[in-house]
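Student: Chains D and B, in that order, are what the protein sequence lines are.
If you use the numbering used here, the first sequence closes out at 210, no skipped numbers anywhere.
If you use the numbering used here, the second sequence closes out at 420, no skipped numbers anywhere.
Glycine is no exception: its CB is placed at the ideal position from the N, C-alpha and C atoms.
Number of protein chains: 2
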Amino acid sequence: MTDIKIPKATAKRLPLYYRYLVFLHDEGKEKVSSTELSEAVQVDSASIRRDFSYFGALGKRGYGYDVVNLLEFFKKILNQDTLTNVALVGVGNMGHALLNYNFKRTNNIRISAAFDINPEYTDTIMNGVPVYQNSDMKYQIGQQQIEIAILAVPKDQAQEITNQLVDAGIKGIMNFTPLRVSAPSDVRVQNVDLATELQTLIYFLEQDKH
Amino acid sequence: MTDIKIPKATAKRLPLYYRYLVFLHDEGKEKVSSTELSEAVQVDSASIRRDFSYFGALGKRGYGYDVVNLLEFFKKILNQDTLTNVALVGVGNMGHALLNYNFKRTNNIRISAAFDINPEYTDTIMNGVPVYQNSDMKYQIGQQQIEIAILAVPKDQAQEITNQLVDAGIKGIMNFTPLRVSAPSDVRVQNVDLATELQTLIYFLEQDKH
Numbered sequence: 001m002t003d004i005k006i007p008k009a010t011a012k013r014l015p016l017y018y019r020y021l022v023f024l025h026d027e028g029k030e031k032v033s034s035t036e037l038s039e040a041v042q043v044d045s046a047s048i049r050r051d052f053s054y055f056g057a058l059g060k061r062g063y064g065y066d067v068v069n070l071l072e073f074f075k076k077i078l079n080q081d082t083l084t085n086v087a088l089v090g091v092g093n094m095g096h097a098l099l100n101y102n103f104k105r106t107n108n109i110r111i112s113a114a115f116d117i118n119p120e121y122t123d124t125i126m127n128g129v130p131v132y133q134n135s136d137m138k139y140q141i142g143q144q145q146i147e148i149a150i151l152a153v154p155k156d157q158a159q160e161i162t163n164q165l166v167d168a169g170i171k172g173i174m175n176f177t178p179l180r181v182s183a184p185s186d187v188r189v190q191n192v193d194l195a196t197e198l199q200t201l202i203y204f205l206e207q208d209k210h
Numbered sequence: 211m212t213d214i215k216i217p218k219a220t221a222k223r224l225p226l227y228y229r230y231l232v233f234l235h236d237e238g239k240e241k242v243s244s245t246e247l248s249e250a251v252q253v254d255s256a257s258i259r260r261d262f263s264y265f266g267a268l269g270k271r272g273y274g275y276d277v278v279n280l281l282e283f284f285k286k287i288l289n290q291d292t293l294t295n296v297a298l299v300g301v302g303n304m305g306h307a308l309l310n311y312n313f314k315r316t317n318n319i320r321i322s323a324a325f326d327i328n329p330e331y332t333d334t335i336m337n338g339v340p341v342y343q344n345s346d347m348k349y350q351i352g353q354q355q356i357e358i359a360i361l362a363v364p365k366d367q368a369q370e371i372t373n374q375l376v377d378a379g380i381k382g383i384m385n386f387t388p389l390r391v392s393a394p395s396d397v398r399v400q401n402v403d404l405a406t407e408l409q410t411l412i413y414f415l416e417q418d419k420h
């Protein structure tokens, strides 16, 4: 299963499909057409059919795809059958929002350790998650065998904390800071760039007017 | 200038380029090569050269691109010369984080009105932004001629608030809720889906191991 090589664009859409299928399953739906999927996840149906063909998932004409079969398939490929523990660095406003964000409801992800330098937060439990001091980062990440961290610190600390995370063995960083941090090539950094997202939306709206 | 038709993938990278150019300009740099840009924004240099060619911006071999020229160009195309006022609905943790997020530093964007139902927040000023009651939404959005809104309400309110925003004349919604909201086809919805982003990162890491 894990030997399947799929295009990056397809890979990026997988979690989207997965979540919608969970929703359909919860609703008791047994089948779904590529047109329905297309409307729900806002991906054109030709791309959906091409994406699914990479996995050998072929819908029947006039019937569509079997929800349970697709779900089982996606669960395996997205590793949803294993709980993934992630670390959060920085429990300011963004960090708080992320602690409140219920990743576990639809995705098998849990923030199992948070880190901060503010003594108001450290050595407390917030939303069920222990908040450690930054100085405990390497030890806790090692102990908990965490490979993924969410970076939600102020911009001027972003690179220094990234270095510490890499040193602690982190292999994937979801970067909420506006800084494009540097990391070794074997560490994946995924940037969530709010200003750029918003600017792109504004840009598209301007284009729509012409 | 606004007549230029460019691919969507290129359009999405524009704000990224723009922000890095602002940074270079602040640092006093006068020129930049596609290789340098490539490393900074994590887009391959062939794509950068192709993107830039759409605007007729041609770098000189062995010299690169002129930072000020590029910046002027991007400012125009991204509409950075006009301040864009946006609305924020929901000042919970995510809303708070967004109010703190300094969009104005690198992008000419400002949250000029926030809305909530919690009387603890309404009719106060948070981070310099007035927080109105949801019932004032249509009036304020009309008065301030706001076309873009950030949706940061609980999931179960997302569709109802979207309907109200559309009714108030909003043309673009940046959706921070996990719900894929429905909106008329002339309203652009940009989903910022944190669980999906994180799931994709986990997925890529698993792929890296094989």
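Near M126 of chain D, what residues of its chain come up, given a Cβ to Cβ distance below 6 Å and the 5 sequence neighbours on each side ignored?
Tutor: L99
Student: Near T245 of chain B, what residues of its chain come up, given a Cβ to Cβ distance below 8 Å and the 5 sequence neighbours on each side ignored?
Tutor: S255
Student: Looking at C-alpha atoms only, which residue of B:L389, B:K419 and B:I321 is the closest neighbour of A405 of chain B?
Tutor: B:L389
Student: Please go through the same chain and pick out, in chain order, the residues whose beta-carbon is closer than 6 Å to the beta-carbon of L411 of chain B, but skip the five residues on each side of it.
Tutor: none
Student: Got a sec: does the ligand MG put a non-hydrogen atom nearer than 8 Å to the Cβ of L14 of chain D?
Tutor: Ligands in the displayed structure: none, and consequently the ligand MG is not present.
Student: Over the uninterrupted beta strand (DSSP E) stretch that includes V296 of chain B, give me the two end residues.
Tutor: T294 to V299
Student: Would T373 of chain B pass as an interface residue toward chain D - the criterion being a Cβ-Cβ separation below 9 Å?
Tutor: For clarity, residue 373 of chain B is Asn in the given sequence; the question names Thr instead. It does not: the Cβ of N373 of chain B has no partner Cβ on chain D nearer than 9 Å.
Student: Report the three-state DSSP secondary structure of D276 of chain B (helix, strand or coil).
Tutor: strand
Student: Leaving out five residues before and five after L234 of chain B in sequence, what residues of the same chain have Cβ atoms less than 7 Å from its Cβ?
Tutor: V242 and V277, listed in sequence order.
Student: Just to check my reading of the structure: V391 of chain B and A368 of chain B have Cβ atoms closer than 8 Å, yes? What is that Cβ distance to the nearest angstrom?
Tutor: The Cβ separation is near 5 Å, so the contact holds.
Student: Can you check which of these residues, B:A250, B:F283 and B:Q252, is closest to S263 of chain B by C-alpha distance?
Tutor: B:F283
Student: Take V41 of chain D as the anchor and find which of D:Y20, D:F55 and D:S47 has the nearest alpha-carbon.
Tutor: D:Y20
Student: How about A323 of chain B and Q354 of chain B: do their beta carbons lie closer than 9 Å?
Tutor: Their beta carbons are under 9 Å apart, which means A323 of chain B touches Q354 of chain B by this criterion.
Student: Could you work out which residue in B:Y311, B:A221 and B:L298 is closest to K348 of chain B when comparing CA atoms only?
Tutor: Out of B:Y311, B:A221 and B:L298, B:L298 has the C-alpha closest to the C-alpha of K348 of chain B.
Student: Mapping the DSSP letters down to three states, classify R188 of chain D as helix, strand or coil.
Tutor: strand
Student: CA-CA distance, Y18 of chain D and N93 of chain D?
Tutor: 29 Å
Student: Taking K31 of chain D as the query, report the chain B residues whose CB atoms sit under 8 Å from its CB, ordered along the chain.
Tutor: Listed by position along chain B, the residues whose Cβ is nearer than 8 Å to that of K31 of chain D form an empty set, because the closest Cβ is around 19 Å away.
Student: Starting from A310 of chain B, follow the alpha helix (DSSP H) in both directions and report where the run begins and ends.
Tutor: Correcting the residue identity first, residue 310 of chain B is Asn in this sequence and not Ala. N303 to N310 is the span of the alpha helix (DSSP H), which, as asked, contains N310 of chain B.
Student: Suppose the cutoff is 8 Å on Cβ atoms and the five residues either side in sequence are ignored; what does the same chain contact list for K29 of chain D look like?
Tutor: V67
Student: Are the CB atoms of A362 of chain B and G300 of chain B within a distance shorter than 9 Å?
Tutor: yes
Student: Just how far apart, CA to CA, sit L280 of chain B and F265 of chain B?
Tutor: 10 Å
Student: What are the start and end residues of the alpha helix (DSSP H) that includes R259 of chain B?
Tutor: Start and end: S255 to Y264.
Student: Give the interface partners of P119 of chain D over in chain B, defined as CB-CB distance under 9 Å, in chain order.
Tutor: Those do not exist, as P119 of chain D stays about 21 Å from chain B at its closest Cβ, beyond 9 Å.
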